[in-house]
Structures are given as C-alpha cells and as structure tokens.
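Inspection log for the structure reproduced underneath, given as structure tokens.
Dropping the structure here:
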C-alpha cells in the first residue's frame with residue numbers, strides 16, 4: 004500500500020480557505036521559511052480513500068474480540084461520540100471565563116464526585132493525561148507530602164512487586180525515587196515475609212495494582228496496609244485493573260492513599276490506536292492540599308476553577324486535563340449508575356469462564372479463581388513442540404481474534420494474559436475457546452501452521468530486526484530506501500526469542 | 269547465521285554469562301553463546317569509552333536485541349584500551365562469532381588475581397545446564 | 008442502560024462450567040474486611056435518550072465559539088477543522104484499536120503514525136519524531152529529560168515568553184528529574200540572545216517559543232546560536248500552523264522541536280484531548296520518549312510498519328526507560344495528519360498568511376495601543392485597553408464578543424493588557440464587532 008506522500012501530485016490540494024484583500028505583512032528574511040514543508044498534495048477523494056484503506060488494515064474492538072490483558076478492551080459506546088461532539092463541549096475554549104463554562108465545570112465536578120465514590124477517597128484531580136502520568140503525579144504528591152513533614156530527605160524508596168507493569172518502575176525513576184522490588188509468593192500474592200524486611204522509615208510507599216497483573220486479588224492486602232502505614236509510608240493504587248472490583252472493593256477501603264484511574268480502560272474512552280487516555284487521581288484528605296492546580300470547586304450552584312492552592316505540586320498537564328475524555332467517561336458511568344457493580348461482575352464471570360475451559364490445554368501457574376483477567380503459560384507447548392506464546396498469538400489472528408497480551412507479567416514464562424471484559428457475548432468466548440484448543444492440538448500435530456502464522460492478514464510476520472537496524476523512521480522522498488531488496492533471513496524469527 | 273553452541277576451553281567465564289580471554293596484563297571480554305542465544309539477534313551495542321574504568325561485577329555497557337536490553341557485566345576490573353568497532357557497526361557479529369570477531373572490549377587488568385574467581389569451561393557448562 | 012450481552016441462561020451455563028453456584032462466589036478470595044457493602048452512592052442509571060438530554064443541558068450552559076465571537080488564543084486556537092478529519096476519526100477501526108503492538112493486526116495505525124512522524128519532521132526540519140506526547144506542555148518536560156541525559160547537565164533555561172503553562176509543567180517535573188529551572192525575562196516582548204546565552208552556561212537546554220506567547224516573533228536563529236555557544240541544547244516550542252511561513256527549527260541549529268498540535272486538526276474541547284509533538288536530530292533518537300514507528304518488510308518482502316526501538320520504552324527498560332509514557336495521543340495526532348494532508352503546503356501557507364493579514368488589520372481597526380509596537384507578530388498581538396483587562400472582557404462579552412486573554416493572569420505589570428488572536432475563521436466584519444466591543 005502506498006504512503007500518502009507517494010500519492011502526492013504537485014498542485015493538488017483538498018483545502019479551500021476564505022479569501023480577502025487584506026495585505027499580508029512581511030516576515031523578516033532571517034525568520035522566513037526557505038523551503039515549503041513536503042506535506043501531501045492530494046484532493047479530498049483520494050485523501051478519504053487513503054485513510055479508509057488504512058482503517059481496513061486495522062483491527063479494533065469494533066472489528067472483533069480483543070482480549071488484551073490489563074488493557075480492558077471493552078466496547079466503546081457510540082452515544083459517547085455523539086455527546087462529546089456537542090458544540091457546547093467541542094467548541095469551548097479552555098480559557099473561557101468560568102461563568103461561560105458552567106456546563107463543562109459542572110461535568111468535571113460531578114465526575115470528580117463519582118470517581119471519589121468509586122475509589123473510596125475524597126479528593127480528586129482530573130488533570131493527568133494518562134495512567135502513567137497519574138502514577139508520576141502520585142509520586143510527586145508523595146514527595147510533597149513527605150517534604151511537608153520534614154521527611155523528604157529520608158524517604159527515598161518505593162516498593163514495587165515483580166509483577167508490576169513497566170510504567171511503575173519508569174515512573175519511580177522520573178519521580179526521583181529508588182526502586183525496591185518485592186517478590187510474589189506461590190499463591191500470586193506479594194510475599195509478605197519478603198516485604199517486611201524491605202519497608203522502613205526510608206520508604207515513601209508502595210505502588211500496587213490489585214487485582215495484580217496476574218488477575219489475582221492480594222489476600223494479604225490488609226496486612227500489607229498495616230506494614231506500610233505502620234512505617235509512616237503511603238500506598239499507591241495503580242488503577243489499571245479496576246474493572247474487576249468496581250462497587251465490590253474500593254481502593255480506599257483496601258488501604259490505599261492515592262489511586263489513579265485509567266479512563267481509557269475501566270471507563271470506556273476509546274483507545275484510538277494508542278491514545279488519548281485519562282489518568283485522574285483520587286487521594287486521602289491529608290494529600291488534598293498538594294493536588295495539581297487548578298482545582299474544580301463548587302460554591303452553592305456555581306462551579307469555578309480555584310488557582311489559590313499554595314501547597315500544590317503545580318501542573319502536570321495543560322488546563323484541567325483532557326476534557327473530551329471526561330465527557331465520555333462521565334456519560335459511560337451515568338449509563339450504569341450504581342449498577343456499575345454489574346459491569347465488574349460480568350467481567351469477572353467472563354474471565355473465569357474462559358479460565359475454566361482453557362486451563363486443561365494450557366498451564367495455569369496460579370491455581371486460583373481469577374478476577375477480570377488470568378495468565379496462562381505456553382511453556383509446555385514450547386518444551387514439547389517448540390511452539391511459543393508468540394506463535395499462539397500469531398495463529399489466533401487467523402481465527403479473526405486479536406491476540407492476548409504475551410510475555411507479561413515477566414514472572415510467568417511464555418505468558419498469555421487474557422482479559423475478555425464484560426461486553427463480550429458467550430458465543431464469542433466459546434469461539435475463542437475453540438480456537439485456543441485447536442491451536443493447542445495443532446502445536447502437537449502441525450506446528451508449522453503456527454510458526455508461519457499469520458496467513459490471512461495484510462502482512463505476514465514483520466522483520467523487527469531490520470526495522471531496528473535500518474532505522475527508517477520517516478519517509479525520505481527521493482532518498483527513501485527499498486527495504487525489500489535487503490534480505491529478510493529466517494534469523495529474524497530468532498529475534499522473537501526471549502520476547 | 270548464529271553460531272553453534274560452544275564454550276571454548278582456555279577462556280574464563282562469569283555467572284552473568286560473560287567470558288574473558290586473559291593475556292598477561294590484558295584481557296579481552298565478551299558475552300557467551302548462552303547470552304547471545306537468550307537475547308536473540310543483537311541490534312545495538314553501547315560500549316564504554318576508551319580509558320574508562322571497569323569494575324568486576326559492574327556494568328560496563330549494554331547490548332540490545334529487539335525485545336531486550338542487557339547490561340554487560342565485567343568479569344574482571346581494569347581500564348578499557350580498545351572497543352570493538354566492528355560490533356558497534358554490526359552488532360550481529362556477536363551472534364555469529366561470540367568468542368572471535370564478536371569480542372566487545374579489551375582491558376588492561378587492574379588485579380590479575382581476580383581471574384581465580386572465574387569459572388573454567390567445564391564449570392560454566394554445568395552452570396548453564398542448570399539455567 | 009448497560010452494554011452487556013450476557014443473558015440469565017448464559018450466566019447459568021457459565022457458572023456451571025466454572026463450578027461455582029453464584030457470581031458472588033467468584034469474589035470469595037477478597038477479604039471480608041475490604042468488601043464494599045451495599046450500593047455505590049451514584050445517581051440512577053440513565054437510558055440513552057435521557058443521557059443525551061442531560062449532556063445537552065450541560066453543553067448548553069457553555070459559551071462556545073459558535074455562540075460568542077471569540078478572539079481567545081493563548082496556546083489553544085479556534086482554527087477550522089475540516090469535515091474530512093471528522094470522517095476519518097469516526098472510522099470505528101481507528102477509533103477502537105489498541106496500541107499497535109501486534110504489527111500484523113495494525114498496519115493501518117502503524118502506517119498512519121509513520122506518515123504523521125514524516126509530517127512533523129517536514130514541518131520542523133528534524134530527523135525523527137515520536138508518535139505524540141500528551142500535549143504542548145508535557146513535551147517540554149520530555150525534552151528537558153532528553154537534554155539532561157544527553158549533556159549530563161542539571162539546569163534548564165526557559166524564556167519567560169514561553170507559554171506560562173508550559174513553564175509551570177516543566178517546573179513541576181523538574182524536582183523529580185533533578186533539574187534546576189532558570190527563567191530569562193522578556194525585553195520588550197521578545198528574548199535577548201545575549202541574556203539567554205549568559206544564563207545558558209552549564210544548562211542542559213534552552214527552551215524558547217516561536218511565535219512566543221505574546222504573539223511576537225523571536226530572533227530564533229540568534230537564540231539557538233547563543234544556546235549552542237554555551238553548550239546547551241536549543242529547543243524551539245513552535246506553532247505548527249506557523250511552519251508554512253516561518254523557518255523550521257532544524258534549519259537554524261535547534262536540537263529538538265516541540266509544540267502543541269491542537270491548532271492543526273483538533274477542536275478546542277475545553278483544553279483536551281490534544282497532542283503534543285516532539286522531534287529531534289537523529290543523534291538523539293535513542294533518548295526519545297514514547298512510541299516510534301519504523302519501516303521494514305515482512306518475511307515475504309512486503310513493505311510493513313512496526314513499533315521500533317522499543318528498548319527505550321518502559322515495558323522493556325523499566326526503571327531506565329527514556330520515559331514512562333505508554334498511552335499517548337495517537338488518534339489526535341492522526342487528526343493532525345489528516346488536517347495537514349487536507350491543507351497541503353499551499354494551504355498551510357495561505358492559512359498563515361490569512362491569519363497574519365487579519366491580525367494586522369485588527370491592530371489598525373481596533374486602534375488601541377500595542378503592548379510591543381516594535382515587534383513583528385504572527386496571529387496574536389497584545390494591546391492595552393486602558394482599564395483593568397477583566398472589565399474590558401466583561402463589557403465586550405455583554406456584546407457577545409470575547410476580546411482575548413488577560414495577560415495579567417501570568418505576567419506582572421500587565422493590568423490592562425489583552426492578548427488578541429485572529430484565525431482564518433474570523434472576518435473583517437468580526438473585527439468591526441471587536442473594535443466596537445472594546446470601545447464600549
């Protein structure tokens with residue numbers, strides 16, 4: 004398929020702009036553009052066809068089942084798209100005076116109240132742009148909190164389990180903290196004995212998602228809370244897996260002091276191929292003074308932005324946050340009302356159903372009921388037939404499914420992390436089970452079918468080694484190389500090892 | 269084309285899957301067949317600077333495959349006297365010939381007695397079998 | 008209203024397959040002490056049509072730019088978003104796809120990102136762009152993190168004429184990064200290269216904005232040269248809409264170019280979601296944050312696209328990653344790509360010229376003193392309204408016109424200053440209304 008630049012023809016354009024006779028002022032010569040940017044020159048029909056074709060080469064939730072663990076690929080309601088495009092939201096400038104933005108401010112305030120109720124923590128900021136940014140904001144809050152107590156110099160460490168998502172340690176470093184890892188026990192809980200020795204007055208806090216990336220609720224969460232709070236430390240909840248427990252167990256009640264939500268996971272903001280998202284945070288009262296500025300506050304029937312927050316950590320993103328994401332999440336939660344619990348119950352039911360039907364054919368590292376997701380291992384397939392989790396994933400594509408998350412969490416070899424979400428019909432789950440069972444049989448009987456998969460996608464397996472080594476990261480016009488003339492040896496399949 | 273599995277005699281081995289070829293007061297360092305096999309085809313080598321100090325047991329550089337980054341752990345202490353430019357340009361050389369053309373650095377040894385703490389080929393082969 | 012497919016019969020069959028009697032049993036491993044009792048205190052569920060009515064009521068209480076003639080800019084702009092952008096963003100596959108980790112399932116998104124990266128490189132004159140950052144403020148923090156690792160230095164210098172929210176976000180990130188922040192004040196609405204150079208000794212980077220927050224054109228090549236002379240990386244924060252007529256940062260010595268993409272293809276949407284862009288010279292590629300798409304082939308030699316250099320990122324390098332960023336702003340960046348493709352190089356230039364022409368006309372027609380009369384401006388300019396800015400705003404809004412941003416909110420000594428923005432959506436008749444509204 005051609006790049007849009009390869010369809011450019013000089014003199015074509017799609018745009019039309021209003022004309023006037025006003026003189027155009029001159030730009031000083033030393034600041035003036037010497038050569039125009041080589042943007043595409045294309046008319047609207049070809050423009051639309053190009054992007055339509057790109058969309059047909061993309062698999063979304065709208066296309067089919069998408070059981071990516073820890074991503075919560077649930078259906079994105081279409082009514083949300085209708086309301087986010089209301090001109091009163093879409094065409095509102097963020098610097099409009101507060102009296103001209105009462106609808107927007109009320110929506111934000113109400114969403115804050117809702118998230119506080121779901122979290123079981125009273126104070127909320129909607130500002131962070133994504134879960135990772137929520138994590139970093141939470142760490143900044145910890146820093147400000149301990150500095151205020153005079154413990155800023157001593158509390159340098161954050162504890163993270165070995166099952167943690169990579170954003171957690173990355174955030175710890177960006178927040179200026181040091182990482183203390185803690186192990187997982189054979190039941191999939193944090194190893195409390197390992198933990199006890201690692202928490203002291205040098206510990207700022209814990210970062211944990213519960214249920215964990217294994218889909219398991221930490222049975223010792225109350226004891227963990229005692230350990231951290233006993234040392235004067237804080238507990239941070241990574242909300243990536245909140246879909247499992249809405250209305251069933253609240254992070255604030257679990258003992259957590261700071262929580263981030265992933266609006267693009269639990270609360271249906273569409274993923275858009277990689278974003279946008281939203282990562283609002285909820286905190287205990289004693290952390291409230293440090294929240295980002297401005298705060299959205301209510302005074303009688305009016306809403307306003309409050310910039311008078313002398314202890315705030317500052318700002319992590321422009322304005323009040325990604326407002327369009329708030330509209331969708333707000334609409335989504337108002338669709339459920341208190342019945343949000345049913346969303347989580349169905350998510351957990353769907354996951355356990357798949358687990359029950361798949362655990363025979365694949366290895367289950369932790370023999371427990373799961374919550375909203377579970378992890379299988381393809382280790383036996385690898386040992387007996389040389390078929391890896393990657394091969395299973397690629398073969399699932401031939402059945403019309405998006406593969407689950409693979410090779411994560413790191414503590415499970417040949418991991419397949421499966422999260423169906425609550426919006427899948429039972430028939431879809433049954434079809435997925437049938438495919439997974441057939442793949443397990445094919446691993447023994449026709450492994451080459453798996454090793455050469457996918458067969459039916461727009462491309463076969465891609466050469467990631469060539470991509471990394473050649474480093475072609477943009478179209479280079481007349482200098483653009485033809486990478487098909489450079490051999491793709493079978494060695495590129497070896498690159499998947501240890502993936 | 270990756271090399272066939274081998275652990276030559278005459279080299280010394282470290283538990284982090286590095287080897288050292290000791291030659292008087294100097295040593296050549298690299299990673300073993302086991303390490304390159306686990307990483308997959310290397311796409312990048314981040315070497316230390318010439319003249320840099322390396323400490324036994326610490327990282328002196330990095331290699332990357334598409335899916336993994338690995339610290340290079342020095343089996344011996346010393347000063348870097350040469351970096352293998354061929355591996356910088358063609359990192360896959362390490363996969364093809366991990367003990368020959370795929371050497372990573374040459375160092376001047378800081379303390380030659382440290383070689384006593386390393387494994388010989390037979391010991392390392394047993395160690396690898398347990399991984 | 009819910010979005011579930013499960014029927015009672017489905018549930019019975021599933022519970023039987025699992026081997027439990029009720030859904031409640033599935034949660035039996037959650038300790039009793041942390042179980043939530045009762046129902047969440049949330050308002051009752053709304054049906055779809057009630058939901059729409061409720062949201063419409065909220066939307067109706069906002070004075071959007073359809074209801075009030077607006078000259079507000081200050082970092083977010085009322086540029087025209089063509090219907091083609093709406094059409095592409097409504098494609099369900101693009102809207103509902105995940106990050107393209109599985110390349111064979113995502114060639115469409117991957118190619119679109121590759122095309123977006125190319126467009127950003129073309130606009131900025133840089134060699135490599137990522138797939139987007141959160142917004143125009145956080146990419147400045149990202150750029151400081153790159154500069155810190157490249158230079159090993161612990162100070163960053165910001166021109167005071169950089170957007171105040173950008174500076175505030177950098178200052179919020181700086182302590183965790185171990186960076187000291189120094190600001191260089193403006194001189195008559197622009198930045199003095201000698202002053203900037205003096206502050207940049209021992210700095211990892213210098214960030215300036217072009218056009219700057221006051222709408223003035225900075226002596227950008229001189230600022231970049233001053234930074235380079237001091238061994239600091241010059242980083243230009245640029246308006247994509249200006250890059251059809253203003254020189255690309257890569258052409259005048261900058262190491263990185265960053266900015267807010269909203270004006271190219273996104274609605275204002277009360278501040279987000281939008282997309283930040285960050286682009287750099289090729290020597291900094293391994294320090295770049297975020298996703299990058301590269302070209303390759305599949306095993307049958309077909310051209311293909313894939314996320315590459317992933318060893319920079321959090322899921323592999325974890326605590327040593329170039330950033331913790333994961334979810335970014337892909338769909339909004341895609342909107343930017345569609346918009347820039349719709350405009351084309353001619354359209355981008357014409358749009359900029361129209362904005363500049365309208366701005367010059369507005370200066371004359373409004374007839375109030377300019378805050379920086381000696382400076383060349385782009386699409387925004389600052390005027391003195393002769394009374395507290397908030398009074399002028401209130402009076403103008405009573406006439407259905409929002410005349411601009413009160414600069415006193417961020418700068419001392421600007422009690423009566425307004426920042427007025429002209430986009431191609433404004434007309435000479437609109438400018439007449441602005442003049443009348445400010446004269447009142």
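Protein chains in written order, with our numbering: chain A, 4 to 502; chain B, 269 to 399; chain C, 8 to 447.
Heads up, the beta-carbon is just placed ideally off N, CA and C, and yes, glycines get one too.
Roughly how many whole angstroms lie between the Cα atoms of residue i and residue j?
i: residue 205(C); j: residue 409(C); result: 40 Å
i: residue 90(A); j: residue 335(C); result: 25 Å
i: residue 147(A); j: residue 54(A); result: 46 Å
i: residue 338(B); j: residue 299(B); result: 11 Å
i: residue 48(A); j: residue 9(A); result: 15 Å
i: residue 370(B); j: residue 98(C); result: 49 Å
i: residue 81(C); j: residue 411(C); result: 9 Å
i: residue 145(A); j: residue 423(C); result: 40 Å
i: residue 387(A); j: residue 437(A); result: 21 Å
i: residue 283(A); j: residue 264(C); result: 28 Å
Can you give me the Cβ contacts of residue i inside the same chain, cut-off strictly under 6 Å, excluding the 5 residues immediately before and after it?
i: residue 402(C); result: 447
i: residue 373(B); result: 297, 348 and 351
i: residue 219(C); result: 168 and 225
i: residue 134(C); result: 288 and 289
i: residue 270(A); result: 332 and 335
i: residue 143(C); result: 266, 267 and 283
i: residue 279(B); result: 287 and 289
i: residue 501(A); result: Residue placement at residue 501(A) is flagged as unreliable, the pLDDT there being 39, under the threshold of 50; the coordinate-derived value follows with that caveat. Cβ within range, chain order: n/a, list empty.
i: residue 368(A); result: 380 and 415
Any idea which residues DSSP pairs residue i with across the strands?
i: residue 373(B); result: 297(B) and 351(B)
i: residue 397(C); result: Looking at the DSSP assignment, residue 397(C) forms no beta bridge with any residue, so it has no partner.
i: residue 387(C); result: 428(C)
i: residue 313(C); result: 301(C)
i: residue 261(A); result: 239(A) and 286(A)
i: residue 413(C); result: 425(C)
i: residue 59(C); result: Answer is none; residue 59(C) lacks a bridge partner.
i: residue 312(B); result: 332(B)
i: residue 286(B); result: 282(B) and 299(B)
i: residue 135(A); result: Per DSSP, none; premise fails for residue 135(A).
i: residue 140(A); result: Answer is none; residue 140(A) lacks a bridge partner.
Which same chain residues, not among the five before or five after residue i, have their C-beta less than 7 Å away from its C-beta?
i: residue 126(C); result: 344 and 347
i: residue 145(C); result: 176 and 283
i: residue 230(A); result: 198, 199 and 202
Who are the Cβ neighbours of residue i in its own chain at under 8 Å, not counting the five residues just before and after it?
i: residue 205(A); result: 157, 158, 159 and 160
i: residue 164(A); result: 184, 185, 186, 187, 193, 211 and 215
Select from the region 467-481 of chain A all residues with a C-beta closer than 7 Å to any C-beta belonging to chain B, and list them in chain order. 467, 468, 471 and 472
Could you run through the region 303-320 of chain C and flag, in chain order, every residue whose CB is less than 9 Å away from some CB of chain A? 303, 304, 305, 306, 307, 308, 309, 310, 311, 312, 313, 314, 315, 316, 317, 318 and 320
Is it the case that the region 274-289 of chain C contacts the region 322-341 of chain C, given that we only count it when at least three CB pairs across the two stretches are under 8 Å? yes
Scan the region 193-221 of chain A for residues whose Cβ lies nearer than 8 Å to a Cβ of chain C and list them as they occur along the chain. 219 and 220
Tell me, please, whether the region 34-54 of chain C touches the region 339-359 of chain A by the rule of three or more beta-carbon pairs shorter than 8 Å. yes
Relative to chain A, which residues along the region 286-310 of chain B have a C-beta separation below 8 Å, given in chain order? 305, 306, 307, 308 and 309
Closer than 7 Å, Cβ to any Cβ of chain A: which residues of the region 340-362 of chain B, in chain order? none
Does the pairing of the region 282-298 of chain A with the region 309-322 of chain A give three or more beta-carbon distances under 8 Å? yes
Between the region 303-314 of chain C and the region 50-64 of chain C, are three or more C-beta pairs nearer than 8 Å? no
Between the region 50-75 of chain A and chain C, which residues of the former have a C-beta closer than 9 Å to a C-beta of the latter? 50, 51, 53, 54, 55, 56, 57, 58, 59, 60, 61, 62, 63, 64, 65, 66, 69, 71 and 74
Output, in sequence order along the chain, the residues in the region 18-44 of chain A whose CB is closer than 7 Å to any CB in chain C. 18, 20, 21, 23, 25, 26, 27, 28, 30, 31, 33, 34, 35, 36, 37, 39, 40, 41, 42, 43 and 44
Check whether the region 97-107 of chain C and the region 272-282 of chain A touch, using three or more Cβ-Cβ pairs below 8 Å as the test. yes
Indicate whether the contact test is met: 3 or more Cβ pairs, each with one atom in the region 341-358 of chain A and one in the region 13-32 of chain C, closer than 8 Å. yes
Check distances from the C-beta atoms of the region 164-177 of chain A to those of chain C and list, in chain order, the residues that come in under 7 Å. 169, 170, 172, 173, 174, 175, 176 and 177
I want to know whether the region 210-224 of chain A touches the region 9-23 of chain C - three or more CB-CB distances under 8 Å. no
For the region 273-300 of chain A, list every residue whose C-beta sits within 9 Å of some C-beta in chain C, in sequence order. 273, 274, 275, 276, 277, 278, 279, 280, 281, 282, 295 and 296
Residues in the region 324-335 of chain B having any Cβ partner in chain A nearer than 7 Å: 333, 334 and 335
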